[in-house]
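Protein sequence lines correspond, in order, to chains A and B. Each residue of the first sequence is one higher than the last, beginning at 43 in my numbering. Each residue of the second sequence is one higher than the last, beginning at 43 in my numbering. Backbone N, C-alpha and C define an ideal beta-carbon position, used for all residues, glycine too. The structure displayed is predicted, hence computed values, not measured ones. Have a look at the structure below before the remarks.
Number of protein chains: 2
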Amino acid sequence: MQDTNEKHSGSSRDISSLPIGVFDSGVGGLTVAREIANKLPHESISYFGDTLRCPYGPRPLTEVRTFARQISAWLTEQRIKLLVIGCNSATAAGLETVQRELDVPVIGVIEPGARAAVKATAARRVGVIGTVATIDSGAYTKAIRSLDAGITVFSSATPRFVEMVEEGLRLDHNPFEDIMAQASAIYIRPAFQEIARDYLNPLKRCQIDTLVLGCTHFPLLTPLISSIIGSEIGIISSAEETARDVAETLARRGQAAPDNSNPIYRFATTASDLGEFSALGSMVFGRPIKDAQRVSIEQLEKALQDKEN
Amino acid sequence: MQDTNEKHSGSSRDISSLPIGVFDSGVGGLTVAREIANKLPHESISYFGDTLRCPYGPRPLTEVRTFARQISAWLTEQRIKLLVIGCNSATAAGLETVQRELDVPVIGVIEPGARAAVKATAARRVGVIGTVATIDSGAYTKAIRSLDAGITVFSSATPRFVEMVEEGLRLDHNPFEDIMAQASAIYIRPAFQEIARDYLNPLKRCQIDTLVLGCTHFPLLTPLISSIIGSEIGIISSAEETARDVAETLARRGQAAPDNSNPIYRFATTASDLGEFSALGSMVFGRPIKDAQRVSIEQLEKALQDKEN
């Protein structure tokens, strides 16, 4: 196979220094941004968290699609070289539309997660949990079965998991600690465990050997989920696989940031409380979030209007 | 993300020593087997080339699907741990059916090639060439646009390319030489060039920046194709990407062959001339093919019947 890395080198030098855009309904997409930052330490990232309108999960797909189009328009106005929809609900609702509207490549989190699950399942029985919007869209089932028609997919909406993550983050408000690796012990509370058991036991009975976390908030619940379903069921988060897709896409186009560049991380949000966004976000991103920018819904609406005119 | 490598270690020790099955209408799929052998030097491979019924390209999809089911049944009778449909026409016609019928994972060559193209195209204009069966199925267009709805796909059937490869291989009958890297110069013949120009110039005018070789025979034509479309258009062969999918699938399931195992390569074919199959196949596989086994159409039909009963 011929490598395309060397091509477009004239224009790609400018493009390569642009940031990668990532957005989510809140701080959950920072699990994806974190994997990108870990895997590609020279890449700058512009993150957008639509905290004011979080959660997206219970909203109609058409509304979520509009939100995705607005944020995509706002992020491309700031110039980005690639966009990651770091939110399963927004991917299910808006990926195709945003791909058609934008000039830069747009990567969602559903296909990478589906692909990882297909590779992992030996029993060819896969469970998927996510928001109501994601599960109702059937996007995971479709993506998994288009890769392996012989796989049986069991999917279940677990809307309260998003609330649990948000609440759990507030319980132990300790920025800069590695919450992903250790502090998730906070989720081992009886009330949380009971909700999780109600959600997960039926899936366990379906004899799945692989469970896809179809929401970017859920990696923060891995210790809790794993304690209930047992360690013999593999847990797939899209974040790692998505970061790999980002890396390969940039490498193949010759648009990766140069090895000597220092990454710049920028954060914007619709959250009314910038301090809370930064504190919670820092825990999830695993790096300090400073100087987050406040963006109003009107600015998002205007970005989309400007793009359409 | 939790790794599943450690799981199923009880039963996977037996499974891990089984070969990977690969089949094609002829010797073209050996470009895929070759990539797998290069990437996974400890894995055994059982290759099946349906040379007697080659080419699949001009045949109806339903007929090709039956061929794919027969060969899959025969290969699984010999025990394999994973099946690669190393033929685009057979992937388009039979992947889903075979995935539903088999207990082992089945990987086709279309989705990996589509994925590589999506990552490579900066202009988001992709060309696809292949057999009539593959192009008419629309499988590449569907696979590419399901990954990036913003990509425009230009596809064109190039049936005479398969004949050119088969004839070209016979022209320079020199086994064990690295035909992929060097000897393809044999294709730079005026008659071949004219055919290639007729096929490729219209695609070039569509301002594609990426061309997918949607037939496993075509990597052998890369020098010729590249000389016509120009080096600024990236050429994608599914072989490398497919081999990577195989590697990841085995690794995630803990079914990779142990590092100390010596690979065994077995070859079976419906070809009436075993010597010719071995000689041409050796060139494409880049390793000597010895003791190829002759399998009759009746044996294939019986394998499918046995599986159905």
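*Can you name, in chain order, every residue of its own chain whose Cβ lies under 8 angstroms from the Cβ of B/P83, other than the five neighbours on each side?*
Residue 83 of chain B sits at position 41 when you count from the first residue of the second sequence. Excluding positions up to five away in sequence, the list reads P305.
*Ordered list of alpha helix (DSSP H) runs contained in the segment 121-207 of chain B, each at least 4 residues*: 130-143, 152-162, 174-179, 181-189
*Evaluate B/K332 with the Cβ neighbour count: other Cβ atoms within 10 Å of its Cβ, from every protein chain shown; 16 or more gives buried, anything less gives exposed.*
Residue 332 of chain B sits at position 290 when you count from the first residue of the second sequence. Classification of B/K332: exposed, given that the 10 Å Cβ count is below 16.
_contact_flag[the segment 177-191 of chain B, the segment 316-323 of chain A] where n(CB pairs < 8 angstroms) is 3 or more_ = no
*Touch check for the segment 291-301 of chain A and the segment 158-170 of chain A: three-plus C-beta pairs under 8 angstroms?*
no
_By the 7 angstroms beta-carbon criterion, what residues does the segment 286-298 of chain A contribute toward chain B?_
Shown in chain order are the members of the segment 286-298 of chain A whose Cβ falls below 7 angstroms from a Cβ of chain B: E290, T291, R294, R295.
*Residue range of the alpha helix (DSSP H) that A/I241 falls in?*
If you number the first sequence from 1, residue 241 of chain A lands on position 199. Note on identity: in this sequence residue 241 of chain A is Tyr, with Ile being the wrong assignment. Start and end: 232-247.
*Who are the Cβ neighbours of A/Q120 in its own chain at under 7 angstroms, not counting the five residues just before and after it?*
For this step, residue 120 of chain A is matched to residue 78 along the first sequence. Cβ within range, chain order: S88.
*Cα separation between B/T104 and A/P97?*
Numbered from its first residue, the second sequence carries residue 104 of chain B at position 62. Numbered from its first residue, the first sequence carries residue 97 of chain A at position 55. Rounded to the nearest angstrom, the two C-alpha atoms are 47 angstroms apart.
*What separation, rounded to the nearest whole angstrom, lies between the Cα atoms of A/E208 and A/D190?*
Residue numbering aside, residue 208 of chain A sits at position 166 when the first sequence is read from its first letter. Residue numbering aside, residue 190 of chain A sits at position 148 when the first sequence is read from its first letter. Going from the Cα of A/E208 to the Cα of A/D190 covers about 34 angstroms.
*Could you give the DSSP three-state label for B/S279: helix, strand or coil?*
Taking the first residue of the second sequence as 1, we reach residue 279 of chain B at position 237. Three-state DSSP puts B/S279 in a strand.
*Using a C-beta cutoff of 8 angstroms, does B/P147 count as contacting chain A?*
Against the second sequence, residue 147 of chain B aligns to sequence position 105. So, interface residue.
*Hey, out of B/S86, B/T258, B/G150, B/I113, whose CA is closest to B/Q341's CA?*
For the purposes of this step, residue 341 of chain B is identified with residue 299 of the second sequence, where counting begins at 1. Nearest option by C-alpha distance: B/I113.
*Residues bridged to B/Q335 by DSSP?*
Counting from 1 along the second sequence, the entry for residue 335 of chain B is found at position 293. B/Q335 pairs with B/A310.
*Going along the chain, which residues of its own chain have a beta-carbon closer than 6 angstroms to the beta-carbon of A/I62, five neighbours each way excluded?*
By one-based count along the first sequence, residue 62 of chain A stands at place 20. The residues are E85, I87, L124.
_At the 8 angstroms Cβ level, is A/D178 part of the contact set with chain B, yes or no?_
Translated into positions along the first sequence, residue 178 of chain A becomes position 136. For A/D178, the answer is no, since every Cβ of chain B falls outside 8 angstroms of its Cβ.
*Along the beta strand (DSSP E) that carries A/L255, what are the first and last residues, could you check?*
Here residue 255 of chain A is taken as the residue at index 213 of the first sequence, counted from 1. That run of the beta strand (DSSP E) goes 252-256.
*Buried or exposed: B/E283, going by 16 or more other Cβ atoms within 10 Å of its Cβ?*
Within the second sequence, the letter at position 241 stands for residue 283 of chain B. Under this definition B/E283 is a buried residue.
_Minimum Cβ-Cβ distance from B/D56 to chain A less than 8 angstroms_ = Taking the first residue of the second sequence as 1, we reach residue 56 of chain B at position 14. Taking Cβ atoms only, chain A never reaches closer than 8 angstroms to B/D56, which makes this a no.
*Nearest-angstrom beta carbon gap, B/F65 and B/F90 [assumed within contact, 8 angstroms]*: Indexing the second sequence from 1 puts residue 90 of chain B at position 48. Indexing the second sequence from 1 puts residue 65 of chain B at position 23. About 4 angstroms; that satisfies the 8 angstroms criterion.
*Beta-carbon proximity check, B/T258 vs B/L94, cutoff 8 angstroms*: Indexing the second sequence from 1 puts residue 258 of chain B at position 216. Indexing the second sequence from 1 puts residue 94 of chain B at position 52. Their beta carbons are not under 8 angstroms apart, which means B/T258 does not touch B/L94 by this criterion.
*Which chain B residues sit within Cβ distance under 9 angstroms of A/L124?*
By 1-based counting over the first sequence, the position of residue 124 of chain A is 82. What A/L124 touches in chain B: nothing, since even the nearest Cβ is about 11 angstroms away.
*Integer-rounded CB distance, given that B/N130 should sit under 8 angstroms from B/T176*: Against the second sequence, residue 176 of chain B aligns to sequence position 134. Against the second sequence, residue 130 of chain B aligns to sequence position 88. The pair is a contact, with the Cβ atoms about 4 angstroms apart (cut-off 8 angstroms).
*Would DSSP call B/D56 helix, strand or coil?*
Stepping through the second sequence from its first residue, residue 56 of chain B is reached at position 14. B/D56: helix per DSSP, three-state reduction.
*Does any residue of chain B bring its CB to less than 8 angstroms from the CB of A/Q249?*
Counting from one through the first sequence, the residue named residue 249 of chain A turns up at place 207. Not one chain B Cβ lies under 8 angstroms of A/Q249.
*In terms of DSSP beta bridges, what is A/V64 paired with?*
On the first sequence, position 22 is the one that residue 64 of chain A refers to. A/Y89, A/V126, per the DSSP bridge assignment.
*Spell out whether any CB of chain A is found under 8 angstroms from the CB atom of B/S188.*
The sequence position of residue 188 of chain B within the second sequence is 146, counting from 1. Chain A contact via Cβ: present.
*For A/N80, which three-state DSSP category applies?*
Looking up residue 80 of chain A in the first sequence gives position 38. Here A/N80 sits in helix by DSSP.
*Rounded to a whole number of angstroms, what is the C-alpha to C-alpha distance between A/E328 and A/R76?*
On the first sequence, position 286 is the one that residue 328 of chain A refers to. On the first sequence, position 34 is the one that residue 76 of chain A refers to. Here residue 328 of chain A is Gly; the residue named in the question, Glu, does not match the sequence. So the alpha carbons of these two residues sit roughly 7 angstroms apart.
*Is A/L253 closer than 8 angstroms to A/L245 when the C-beta atoms are compared?*
For the purposes of this step, residue 245 of chain A is taken as residue 203 along the first sequence, with counting starting at 1. For the purposes of this step, residue 253 of chain A is taken as residue 211 along the first sequence, with counting starting at 1. With respect to the 8 angstroms criterion, A/L245 and A/L253 are classified as neighbours on the basis of their beta carbons.
*Name the residue from B/V126, B/E290, B/R202, B/R336 whose alpha carbon lies nearest to the alpha carbon of B/F260.*
The sequence position of residue 260 of chain B within the second sequence is 218, counting from 1. Among B/V126, B/E290, B/R202, B/R336, the Cα nearest to that of B/F260 is on B/R202.
_Please classify A/E143 as buried or exposed, where buried requires at least 16 other C-beta atoms within 10 Å of its C-beta._
Looking up residue 143 of chain A in the first sequence gives position 101. So A/E143 ends up on the buried side.
*asked:* For B/S303 and B/S59, what's the separation of their Cα atoms in angstroms?
replied: Taking the first residue of the second sequence as 1, we reach residue 303 of chain B at position 261. Taking the first residue of the second sequence as 1, we reach residue 59 of chain B at position 17. Going by the C-alpha atoms only, they are around 8 angstroms apart.
*Please determine, among A/I122, A/V146, A/D145, A/G150, the residue with the shortest C-alpha to C-alpha distance to A/A135.*
Sequence index remark: in the first sequence, residue 135 of chain A carries index 93 (1-based). When only C-alpha atoms are compared, the closest one is A/G150.
_Let me make sure I understand the geometry here. Which of B/E205, B/E153, B/R166 has the alpha-carbon closest to that of B/F196?_
Residue mapping note: residue 196 of chain B aligns to position 154 of the second sequence, counting from 1. With distances taken between Cα atoms, B/F196 lies closest to B/R166.
*Give the secondary structure of A/P265 by DSSP, where H, G and I count as helix, E and B as strand, and everything else as coil.*
If you number the first sequence from 1, residue 265 of chain A lands on position 223. Helix, per DSSP.
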